[in-house]
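Comments concern the structure below.
Residue numbers (this note's numbering): 95 to 158.
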């Protein structure tokens, strides 16, 4: 019985390894893409914040 299970595992091991590698690769692509989206949103918020600071600075200088 143990020998049969071992042979069966050996038969399916390449499929398991290949599936695990593909799943890992897909997750890496998903993670990288998701991080790009998050970074883009964060940078956009920074630009908007800088634009507001610049507008406030100009308004302050014009009133002085």
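Note that beta-carbon positions come from the ideal geometry of N, C-alpha and C, so glycine has one too.
Rounded straight-line distance, which links the Cα of residue j to that of residue i
i	j	result
residue 120	residue 109	16 angstroms
residue 116	residue 130	21 angstroms
residue 104	residue 111	11 angstroms
residue 101	residue 139	57 angstroms
residue 127	residue 113	21 angstroms
residue 142	residue 122	30 angstroms
residue 147	residue 118	43 angstroms
residue 150	residue 144	10 angstroms
residue 106	residue 134	42 angstroms
residue 153	residue 137	24 angstroms
residue 79	residue 156	Here the chain covers residues 95 to 158 and nothing more, so residue 79 does not appear.
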